[in-house]
Amino acid sequence: MMFVPAQSCQIEIRLLIRSPMMNHNTTPYLILASQSPRRKDLLEQAGLTVEVIPGNFDEDSVPLDEPASYACLLAIEKAQQIARQYPESWVIGADTVVCIDDAVLGKPGSRKDARTMLSLLSGRTHQVVTGYALIHRSKRKIVKNVARTDVRFKTLSEEEIEWYIRTREPFDKAGGYAIQGLGTFLVKEIKGSYTNVVGLPVCEVIELLCREGVVRPGPGERWTIISRE
79 MMFVPAQSCQ IEIRLLIRSP MMNHNTTPYL ILASQSPRRK DLLEQAGLTV EVIPGNFDED
139 SVPLDEPASY ACLLAIEKAQ QIARQYPESW VIGADTVVCI DDAVLGKPGS RKDARTMLSL
199 LSGRTHQVVT GYALIHRSKR KIVKNVARTD VRFKTLSEEE IEWYIRTREP FDKAGGYAIQ
259 GLGTFLVKEI KGSYTNVVGL PVCEVIELLC REGVVRPGPG ERWTIISRE
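Numbering (our numbering), first residue to last: 79 to 307.
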């Protein structure tokens, strides 16, 4: 399998986020082990409150594999790293890859990379694959799954590609575009979860949390964390 280019394929930026509600004497119950503010925003928009504690797992230590297996393994490893520090917490890990044919598309490192990716995706259907995992270390619980979404691009003119590159939006996005941003004009059709394309399949993740007895619908606009009632 080919990787284009040799950079991280996860839709993330590198920054450390900690909730202002946390302190060293508090054990969070539900943790999102991700550096992506988009994943946190998606869960909060759906009414779920999480503590965000990203790790520093070296993605290059995991050999490239079939996209679903690769994304799922990265999700587990990211969640495991944080679960070791918080064995009494439920930890969510996720990793998203964009792929077409036999190529996994990372984040473009240059205008040339972005142009190559957008030209490759133009007028075609590609896949966005997110592996997600839920881990509770002290309960010895690991649940994993994969969400897939087919995304079809319109046929792009050279002028449209150059304009989009000039916006600089492609440069920190796997596959070179953001469906939730200016890149919405690129997308003709999707089949599957929209939020998966943004970075996290929210429906599937909350279904998993409910099934495992972590949360349930609350009396107001938020989900209730069951063990904290």
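C-beta atoms are modelled at their ideal positions from N, C-alpha and C, and glycine is treated no differently.
Where DSSP assigns a beta bridge to residue i, which residues make up the other side?
i    : result
P295 : W301
I131 : DSSP output for I131 lists no bridge partner at all.
F231 : V265
C177 : V182 and Q205
K219 : H214
L110 : V130 and I170
R226 : V207
Between residue i and the rest of its own chain, which residues show a CB-CB distance below 8 angstroms, the 5 nearest in sequence each way excluded?
i    : result
L260 : Y242, T245 and E247
K118 : I95, L110, S112, V128 and V130
R116 : I89, Q258, V276, G277 and L278
R289 : none
Excluding the five sequence neighbours on either side, which residues of its own chain have a C-beta within less than 7 angstroms of the C-beta of residue i, listed in chain order?
i    : result
R215 : A161, R162 and P165
P106 : M100, E129, Y164 and S167
S197 : I239
N274 : V206, T208, A225 and T227
L93  : Confidence at L93 is low in this model, with a pLDDT of 33, below 50, so the placement of that residue should be treated as unreliable; the coordinate-derived value is given next. These residues qualify, in order along the chain: Q113.
Measuring alpha carbon to alpha carbon, tell me which of the options ends up nearest residue i.
i    : options                   : result
C177 : K217, Q159, R230 and Y210 : R230
I213 : Q158, L286 and V280       : Q158
C150 : V265, Y107, L264 and V207 : V207
G209 : T194, A146 and T233       : A146
R193 : S235, S167 and T174       : S235
K232 : S139, F249, H204 and I303 : H204
S114 : K190, G171 and G184       : G171
F249 : R289, P295, R189 and G125 : R189
L199 : A181, T174 and G298       : A181
E267 : G298, D228 and G296       : D228
I220 : N134, R202 and V169       : V169
R202 : D143, P295, Y148 and L264 : L264
P141 : E282, L152 and G298       : L152
G298 : N274, L126 and P132       : L126
Y148 : A211, R218, K217 and E237 : A211
E144 : P132, V175, L108 and N134 : V175
Residues in its own chain within less than 6 angstroms of residue i by CB, not counting five upstream and five downstream?
i    : result
L121 : V128
H102 : Here the model assigns H102 a pLDDT of 43, short of 50, so the residue's position is not dependable, and the following value carries that caveat. Once the five neighbours on either side are set aside, H102 has no close Cβ partner at all.
V293 : L287, W301 and I303
G296 : T302
S139 : none
E282 : A225
E237 : none
If residue i and residue j are in contact, beta carbons under 8 angstroms, what's the gap, nearest whole angstrom?
i    : j    : result
I154 : K222 : 6 angstroms
G270 : R300 : No, G270 and R300 are not in contact; Cβ-Cβ is about 27 angstroms, not under 8 angstroms.
R256 : K185 : Checking the sequence shown, residue 256 turns out to be Ala, not Arg. Going by Cβ atoms, the distance from A256 to K185 rounds to 11 angstroms, so no, they are not a contact pair.
A124 : V280 : 5 angstroms
G254 : L183 : 7 angstroms
D136 : K156 : Not quite, the Cβ-Cβ distance comes to about 11 angstroms (not below 8 angstroms), so this is no contact.
Are the C-beta atoms of residue i and some chain D residue less than 8 angstroms apart?
i    : result
E144 : Among the chains in the structure shown there is no chain D, since it carries only a single protein chain.
Does the ligand SAH have a heavy atom nearer than 7 angstroms to the CB of residue i?
i    : result
Q113 : Because no ligand of any kind appears in the structure shown, any question about the ligand SAH cannot be addressed here.
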